[in-house]
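Asks: For the working numbering, add 739 to where a residue sits in the sequence shown, where the first one is 1. Beta carbons are placed, not taken as given, at the ideal position from N, Cα and C, and that holds for glycine.
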Amino acid sequence: MSANVKANITHVIFDMDGLLLDTEKIYEQVYRGLIEKYGKTYPFELKVNCMGRKASEAAKVIIDHLSLPISIEEWLEVSQKAVLEKFADAKLLPGVDKLIRHLHKHAIPIAVATGSSSTNLKVKATHHGEFFSLFHHILCSGDDPEVKRGKPNPDIFQIAASRFNGETPSPEKVLVFEDSFLGVEAAKAAGMHCVMVPDTRLDRKYTKSATVVLDSIEDLCLTDWGLPSFTDT
Numbered sequence: 740m741s742a743n744v745k746a747n748i749t750h751v752i753f754d755m756d757g758l759l760l761d762t763e764k765i766y767e768q769v770y771r772g773l774i775e776k777y778g779k780t781y782p783f784e785l786k787v788n789c790m791g792r793k794a795s796e797a798a799k800v801i802i803d804h805l806s807l808p809i810s811i812e813e814w815l816e817v818s819q820k821a822v823l824e825k826f827a828d829a830k831l832l833p834g835v836d837k838l839i840r841h842l843h844k845h846a847i848p849i850a851v852a853t854g855s856s857s858t859n860l861k862v863k864a865t866h867h868g869e870f871f872s873l874f875h876h877i878l879c880s881g882d883d884p885e886v887k888r889g890k891p892n893p894d895i896f897q898i899a900a901s902r903f904n905g906e907t908p909s910p911e912k913v914l915v916f917e918d919s920f921l922g923v924e925a926a927k928a929a930g931m932h933c934v935m936v937p938d939t940r941l942d943r944k945y946t947k948s949a950t951v952v953l954d955s956i957e958d959l960c961l962t963d964w965g966l967p968s969f970t971d972t
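#1: With a floor of 4 residues, list each alpha helix (DSSP H) that falls wholly inside the region 865 to 902, ordered by position along the chain.
#2: Taking the alpha carbon of Gln768 as the point to measure from, which residue in Pro782, Leu759, Ser872, Leu758 has its own alpha carbon closest?
#3: DSSP three-state label for Met740, please.
#4: Would you report the Cα separation of Gly791 and Val862, rounded to the nearest angstrom?
#5: Taking just the CA atoms, how far does Asp894 sit from His841?
#6: Short of 6 Å in beta carbon distance, which residues of its chain neighbour Thr865, apart from the five on each side in sequence? Order them along the chain.
#7: Under the assumption that Phe874 contacts Ile849 (Cβ atoms under 8 Å), give the Cβ distance between them as a whole number of angstroms.
#8: Just to check my reading of the structure: Asn747 and Gly965 have Cβ atoms closer than 8 Å, yes? What is that Cβ distance to the nearest angstrom?
#9: Helix, strand or coil, according to DSSP, for Glu784 in the structure here?
#10: Use the C-beta contact count for Thr762: other C-beta atoms within 10 angstroms, 16 or more gives buried, fewer gives exposed.
#11: Considering His843, what are the terminal residues of the alpha helix (DSSP H) in which it resides?
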């Protein structure tokens, strides 16, 4: 874990896949299966460079890197069908439910900013509708026309911040939660603090831009960010 940082956070934005929902393993399983049909492998380093991207951008990275004889459109059609069959069973990751309900209880404005599409979100939220209703808003950059550039560009977090009621919060008062290297870079490019909860396999060189690195959200110290502690009523 990085050194504690004292800040006065007023708004919090969460990534979704691999951070709130345990869906990254679904993507990895599906993508690996598709790639193996072409006699290739899906190395973890390639996965790292895809995490957090819009689906079309991730498809291009994979196809170009592995020189696969398939178009982006074909990849998206096949992979989308495969992942949708599995998303409904996605579970919340440890500590997530407690944290979101705590922030909501204390009226801390919270939002989701994900590279996923609204169609995928609907399936992923099949058993978590009440949980996702606690967020002020959810931005799905996969099909949101206002988000022109995906992570690591800052657009997704800047636009998510602008959609809170009232004035857009100053970047230094916004805390982003991410699991991907590209997501952390996007948050930092937006001038926001970022808590990273990375895959245990991730080389720690990819975590250097994060303000704080945690093994689990359960390890979070809220008071470091000027937020109500879990012991506050």
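Replies: With the structure as the only source:
#1: 868 to 871, 894 to 901
#2: Pro782
#3: Here the model assigns Met740 a pLDDT of 41, short of 50, so the residue's position is not dependable, and the following value carries that caveat. Here DSSP, grouped into helix, strand and coil, assigns Met740 to coil.
#4: 18 Å
#5: Taking the straight line joining both Cα atoms gives about 27 Å.
#6: Ala827
#7: 5 Å
#8: 4 Å
#9: Helix at Glu784.
#10: buried
#11: 835 to 844
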